[in-house]
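What follows is a set of notes on a single structure, which appears directly below.
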Amino acid sequence: MAFKPLPREFYLRDTIQVARELIGKELVHRSSAGITSGVIVETEAYMGITDPASHAFGGLRSKRTEIMYLTGGRVYIYLIYGMYNCMNVTTQKEGAPEAVLIRAIQPVRGMEIMLARRGLKNPKSLMNLTNGPGKLCQAMGIGADLYGADLCEKRLFVQEPENPAAGEVGASRRLNIEYAGSARDFEWRFYLKGNPFVTRTSFE
DNA sequence: GACCGGATTGGC
DNA sequence: CCAATCCGGTCC
């Protein structure tokens, strides 16, 4: 099978546009344990310096956020609640620390590997495998070692899917950012309507 | 150097 | 509903 990462230019655009267009694309990780992949079904845009929900709000620069300040098309990974990794793709040109959080995928390749990594033996509901940012990182084997990885190389990347996903892309408020003032109401979350791997919400 | 809380998850 | 678990950010 051929691997063809999306070109750098895909990421060097408006972050909301990138977040919307990532829906339906295939996220691939080629690790020593084998290849795993899934179709992206839920994302959120984080708009950098002016976005109170962004880790780079106010222009904050730190060891954690520095990768977002580089030219887009890299991986930003952070640890949440001391337990789970979350994966973002960085966007925009150098100096604009914006990113898209991958919130859910639908498994495509390497189901056995993903089940093992998640510690699920006889999963009653397969959707529990990758229906959340922490869960999909665990299933895909995405950890701190991939912080800063270049999405234009062939280790961890996004490409066009072999089988296009059907369905309409919906938009809603982002999840769990109640602290973000008026930005909590901005509809910067995107998801594939009707897909069972999308986080269930009370509002859509 | 202390303290606070989180772009989550799973169990009670 | 709430604990887990630890790192980053803030303030002293």
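Quick note: the first sequence uses our numbering, first residue 1, plus one each step.
For every residue, glycine included, the Cβ atom is placed at its ideal position computed from N, Cα and C.
Would you report the Cα separation of residue i and residue j, rounded to the nearest angstrom?
i      : j      : result
GLY132 : PHE157 : 18 angstroms
HIS55  : LYS4   : 30 angstroms
GLU204 : GLU21  : 19 angstroms
VAL108 : PRO7   : 22 angstroms
GLY181 : ARG103 : 22 angstroms
ARG30  : ASN176 : 31 angstroms
GLN106 : LYS63  : 31 angstroms
GLY141 : PHE186 : 31 angstroms
GLY191 : SER32  : Gly is not the amino acid found at residue 191; the sequence shown has Tyr there. Answer to the nearest angstrom: the Cα atoms are 30 angstroms apart.
ARG118 : ALA139 : 6 angstroms
GLY148 : ARG13  : 19 angstroms
ARG188 : GLU44  : It should be noted that the sequence gives Trp, not Arg, for residue 188. Their backbone Cα atoms lie some 6 angstroms apart in a straight line.
GLY143 : CYS137 : 7 angstroms
VAL41  : LEU70  : 26 angstroms
GLN17  : THR91  : 10 angstroms
LEU126 : VAL198 : 12 angstroms
ARG61  : ALA96  : 11 angstroms
ASP145 : MET83  : 15 angstroms
Quick one: is residue i buried, meaning 16 or more other Cβ sit within 10 Å of its Cβ, or exposed?
i      : result
LEU129 : buried
SER37  : buried
ILE80  : exposed
THR201 : exposed
MET68  : buried
LYS121 : exposed
ASN85  : buried
PRO206 : Because the chain spans 1 through 204 in this model, residue 206 falls outside it and cannot be assessed.
LYS193 : exposed
THR50  : exposed
ARG114 : Looking at the sequence provided, one finds Met at residue 114 rather than Arg. Flag for MET114 reads buried.
ALA19  : buried
So the candidates are the options; which of them puts its Cα closest to the Cα of residue i?
i      : options                           : result
ALA116 : VAL100, LYS135, ILE105 and ARG74  : LYS135
VAL39  : ILE49, ILE23 and LEU101           : ILE23
GLU94  : LEU126, GLY48 and LEU27           : GLY48
VAL100 : GLY110, GLY58, GLY82 and TYR46    : TYR46
VAL89  : GLY82, PHE197, MET111 and THR65   : THR65
LYS25  : VAL169, MET114 and LEU60          : VAL169
GLU98  : TYR11, MET1, LEU27 and PHE197     : TYR11
ALA2   : MET111, GLY58 and VAL28           : VAL28
SER172 : ARG184, THR15, MET87 and MET83    : ARG184
MET111 : PRO196, GLY34, GLU162 and PRO161  : GLY34
ALA166 : PRO196, ARG174, TYR179 and GLU178 : PRO196
Measuring CB atoms only, is the region 152-166 touching the region 48-63, in the sense that at least three cross pairs come out at less than 8 angstroms? no
Below 8 angstroms, can you find three or more Cβ-Cβ pairs linking the region 138-153 to the region 70-78? yes
Start-end ranges of the alpha helix (DSSP H) lying completely within the region 88-152, minimum 4 residues: 111-118 and 133-140
Report the residue ranges of all alpha helix (DSSP H) runs contained in full by the region 2-31; include only those spanning at least 4 residues, in chain order. 8-11 and 15-22
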